[in-house]
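Structure, as structure tokens:
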Amino acid sequence: MSFAELGLMPELLRALNAVGYTTPTPIQREAIPLVLSGRDLLAAAQTGTGKTAGFTLPLLQRLATTPVLHPSNKHRIRALVLTPTRELASQVEASVKEYGQDLKLTSMVIFGGVNINPQRDRLQRKLDILVATPGRLLDHVGQGSIDLGGVEILVLDEADRMLDMGFIRDIKRILALLPTQRQNLLFSATFAPEIKTFAQNLLDNPAKVEVAPQVTTAERVEQRIYPVDRDAKKPLLQKLIIDGNWNQVLVFTRTKHGANRLAEGLDGDGIPAMAIHGNKSQAARERALSQFKAGKLRVLVATDIAARGIDIDALPHVVNYELPNVPEDYVHRIGRTGRAGAGGEAVSLVCVDEHKLLADIERTIRQKLERVIVPGFEPDPNARPEPLRKPQAARQPRRDSPARSHSAPARSGEGRSNEGRPSGGSGRASTGSGYASESRAGANANRSPNRGEANGNRSSDNRGNTAAPRPQPSPGGPRRRPSGNGNA
Ligand code: AMP
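Count along the sequence shown from 1, add 23, and you get the number used in the numbering used here.
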């Protein structure tokens, strides 16, 4: 099944070609035709499944090929995508731009924690697609700088997380501002009861799509972290391969250079290894891959992008020699093992430089991974972290974009207000620490000043963090989020 067979227009096919996707993922195969047909959609799919392209591609096509539905105001937004975190909002909008590069549609992302004024200015001009976190969107509504009366397509991405994070009331407020005639797409990692109830009220006779969540795969995969010093990674890997008698090992590095160096080092030490990455010719990649598949090559060292096309059943061992920059890539990587019901083992060699990446991954997969210290490889407790080398990403447009890079403005203390949470809470982890993490210089730099809202608690800096108690909402106050940049 190709993207063309799903009915996508040439402009989108060209963009997909440029990005390097050849085959639709299961969620894309199912969701794209349904969304193109104009139906409402309830999709259970989580990060790592390709869900973003699953809704972005048909959304772009519908906007490009159908006349404006609510034409009374030429600047009206035609599609609104709501996401729980600023990081996800950035990623989604980067996808919109990337896939829509050959279309004349305009898009913008808005989230809090940055100066609101440039956003307000941009909102005055033609805008087809708006990706937003709920809080900042409502800030704009409050300021009268946004008109949602023209929305034809609404996407709620990671709806379960939005509910977990207490956005339900914000979302309801936003829904009330939309025209009733519109297409609704709801993506959620699960069909938990609260999502079902929410969806029942929102969606009109929706098509339902469910793809096997990645965690299901991950659950079959034995995952382990080996804390180790930076310079001891290679000897540790050699030990694991030899002691474990691993004969077919896919090893991931973050950079092409690192892949080369490691493959050469292992090979030089008598462990047959080759590297594949974007700088290798297609022929060299195929040669390495076929030898690896045939069991003639013990170790294949790959960068993330090069590994995308690798499809080997029941690959027994995946090693993250270096953790990926993007947590979703971890899920992709370990998804290379434990396929089709077979068990698999995914181990990560983690040095002090990567602790933050590890924390991001564990948050994303909602799992604390087991640490195993190998005798003789105990990490130096006094080791100081060094900055990670950036992967050269010429062929990795998404990862290259600010939205994907590790230094992008990211989810922070987004809207972890308890307000709006169903009473009693959902029982799921949704504390401030759940997603709060980075304090991004970029996002902080332009933080908007407190606008002195009624409850006076919008000025505080919740960036990043977790520990500060969240102020209680003032009943009847205009908004309940504890601080200004929180959810938007
Ligand atoms: P998502 O689940 O939308 O966050 O996507 C997960 C990752 O898969 C992203 O890095 C996408 O760039 C990538 N991706 C999405 N669709 C495809 C595809 N059809 N082929 C290869 N990679 C894809």
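All residues carry an ideal CB built from backbone N, CA and C; glycine is no exception. All of these numbers come straight from a predicted model, not from anything done at the bench.
- Of the residues assessed, valine 395 falls on the exposed side of the cut-off, its CB having fewer than 16 other CB atoms within 10 angstroms.
- Using a 10 angstroms sphere on the CB of glutamate 175, the tally of other CB atoms reaches 16 or more, which defines it as buried.
- Within the same chain, Met24 and Leu29 come within 8 Å of arginine 52 by CB-CB distance, once the 5 residues on both sides are set aside.
- If you keep only unbroken beta strand (DSSP E) runs of at least 3 residues inside the region 223–298, you get 230–233, 244–250 and 272–275.
- In this structure, leucine 263 keeps its C-beta atom at 8 Å or more from the C-beta atom of leucine 323.
- In this structure leucine 153 is in contact with isoleucine 100, their Cβ atoms being roughly 5 Å apart against a cut-off of 8 Å.
- At least one heavy atom of ligand 1 sits closer than 7 Å to the Cβ of alanine 76.
- Looking at the DSSP output, histidine 340 sits in a beta bridge with Val272 and Glu368.
- Take the alpha-carbon of leucine 126 and the one of alanine 76: they are about 15 Å apart.
- Annotation for proline 47 indicates a beta carbon within 7 Å of some heavy atom of ligand 1.
- With a cut-off of 8 Å on Cβ pairs, the region 34–43 is in contact with the region 118–132, counting three or more such pairs.
- Proximity of the beta carbon of threonine 360 to ligand 1 is not indicated: no heavy atom of the ligand is located closer than 7 Å.
- Under the 8 Å Cβ criterion, the region 220–231 does not count as touching the region 78–89, having fewer than three qualifying pairs.
- Our two residues, aspartate 144 and serine 168, have alpha carbons roughly 9 Å apart in a direct line.
- Given a length threshold of 4 residues, each whole run of the alpha helix (DSSP H) inside the region 107–155 is given here in chain order: 109–122 and 139–146.
- Judged by DSSP in its simplified three-state form, alanine 307 adopts helix.
- Looking at the backbone, the Cα of valine 132 and that of phenylalanine 275 are separated by about 32 Å.
- When the beta-carbon positions are compared, valine 373 and proline 408 stay at least 8 Å from each other.
- If you draw a straight line from the Cα of serine 313 to the Cα of proline 295, it comes to about 14 Å.
- DSSP places alanine 27 within a helical segment (H, G or I) once states are collapsed to three.
- Bounds of the alpha helix (DSSP H) holding isoleucine 388 are 378–388.
- Judged by DSSP in its simplified three-state form, glutamate 393 adopts strand.
- Around the beta-carbon of glutamine 390, fewer than 16 other beta-carbon atoms lie within 10 Å, marking it exposed.
- Isoleucine 248 is positioned such that its CB atom lies closer than 8 Å to that of glutamate 393.
- Scanning the region 161–212 from its first residue to its last, the whole alpha helix (DSSP H) runs of 4-plus residues come out as 182–187 and 191–199.
- Alanine 67 places its beta carbon less than 8 Å from that of glutamate 233.
- Judged by DSSP secondary structure, valine 322 falls within the beta strand (DSSP E) whose first and last residues are 322–325.
- Counting along the chain, the unbroken alpha helix (DSSP H) around leucine 36 starts and ends at 33–42.
- Rounded to whole angstroms, glutamine 114 and proline 107 show a C-alpha spacing of 12 Å.
- Within the model, the alpha-carbon separation for asparagine 270 versus threonine 278 is close to 23 Å.
- At the C-beta level, threonine 156 and glycine 189 stay beyond 8 Å of one another.
- Here valine 375 carries a helix assignment [DSSP, helix/strand/coil].
- Rounded to whole angstroms, the Cβ separation of valine 58 and proline 81 is 4 Å, and the two are in contact under 8 Å.
- Using a 10 angstroms sphere on the CB of proline 410, the tally of other CB atoms stays under 16, which defines it as exposed.
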